[in-house]
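Notes for the one structure printed next.
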Amino acid sequence: MKSVKIEGKKRSEHGKKATRQLRSEEQVPAVIYGGEETIHFSAPAISFRTLVYTPDFQVAEISVDGKNYRTIMKDLQFDVVTDELNHIDFLELVEDRKVTATLPLKFHGQPQGVKDGGRLELKMKSLHVRTFPKHLAEHIDVDITNLELHGNIRVQDVKAPNMEILNSPRIPVASVVTTRALRQEETTAAAAAPAAAAPAAAGKAPAAAAKAAPAAAAKAPAAKKK
24 MKSVKIEGKK RSEHGKKATR QLRSEEQVPA VIYGGEETIH FSAPAISFRT LVYTPDFQVA
84 EISVDGKNYR TIMKDLQFDV VTDELNHIDF LELVEDRKVT ATLPLKFHGQ PQGVKDGGRL
144 ELKMKSLHVR TFPKHLAEHI DVDITNLELH GNIRVQDVKA PNMEILNSPR IPVASVVTTR
204 ALRQEETTAA AAAPAAAAPA AAGKAPAAAA KAAPAAAAKA PAAKKK
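Just remember that our numbering sits 23 ahead of the position in the sequence shown, which is counted from 1.
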């Protein structure tokens, strides 16, 4: 699994004044919780970029005053005006304790429905899971090869070994829908069907009349005898 190494310094002051001072020095205040103790620290804003500005799931290997912590990112706070990173929370990974994480989905294969003229729509990019740290993965694989036109793959269809998926099971993850071109083809075909049936019906009418004529002629003499 991918990981990012971050070098931090422990914080002794936690007030607004101390926080403003850190940010003026391009440092980001952060906290690590979930382990034996809660660690307040700060690190250069640049050291968080590869962790924050990516869709990938990564482990943060944080070193604070010589002590190492294996963590995952849990919460972010940004400045409402400048959009700069203001604060970040980390959860320490403890091997015998389950954690909740958001893992991205990675789709594989070309859906059968797309081959038949449909369009693939990806409804979800990630899933919330609960598992032990040793089972965490960079992503969850989803095979969409057999996804047919008008078909759905739902959360309950996703296979995530050793993980409990926390999302509602009926939510669609991926779908193949009808395109405008395919709808036009279906409409054209439906309109052409009655038109094709009309000549056939017209051809049957003369044949039926021809069969009926001899029968009518045979009955005519019998009527005169009466």
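For glycine and all other residues, C-beta sits at the position ideal for the given N, C-alpha and C.
Practice prompt. Pick out the complete beta strand (DSSP E) segments inside the segment 113 to 183, 3 residues or longer, and give them in chain order.
Written response: Fully enclosed beta strand (DSSP E) runs of 3 or longer: 122 to 131, 142 to 145, 149 to 154, 163 to 166, 175 to 177.
Excluding the 5 residues flanking G58 on each side, which residues of the same chain have their C-beta closer than 8 angstroms to its C-beta? In chain order, Y92, E115, V117 place their CB closer than 8 angstroms to the CB of G58, counting only its own chain and leaving out the 5 sequence neighbours on each side.
Proximity of L145 and A197 at Cβ, strictly below 9 angstroms: yes
Taking Cβ positions, are V27 and A83 nearer each other than 9 angstroms? yes
Give me the DSSP bridge partner(s) of S86.
E30, N91
Judging by CA-CA distance, which residue of T201, F155, T210, L170 is the nearest neighbour of L188? The sequence shown places Ile at residue 188, not Leu. Ranking the options by Cα distance to I188, first place goes to F155.
_Rounded separation between L150 and F130 - CA only_ = 13 angstroms
> Going straight from the alpha carbon of E51 to that of H110, what length do you get?
Replying inline: This sequence places Val at residue 51; Glu is not what is there. Distance between the alpha carbons of V51 and H110: 6 angstroms.
> Quick one: Cα of L108 to Cα of Q135, how far?
Replying inline: 43 angstroms
Could you work out which residue in F113, E49, R153 is closest to A183 when comparing CA atoms only? R153
Taking Cβ positions, are V200 and R142 nearer each other than 9 angstroms? yes
(Q) Using only CA atoms, which one of G132, S86, R177, T77 lies nearest to E30? (A) S86
* S294, enclosing alpha helix (DSSP H) - first and last residue -> The structure shown has nothing for residue 294, since the chain only spans 24 to 249.
>> Starting from V196, trace the beta strand (DSSP E) in both directions and tell me its first and last residue.
In response: 195 to 200
task: Within 10 angstroms of the Cβ of R46, are there 16 or more other Cβ atoms? Answer buried if so, exposed if not.
output: Buried.
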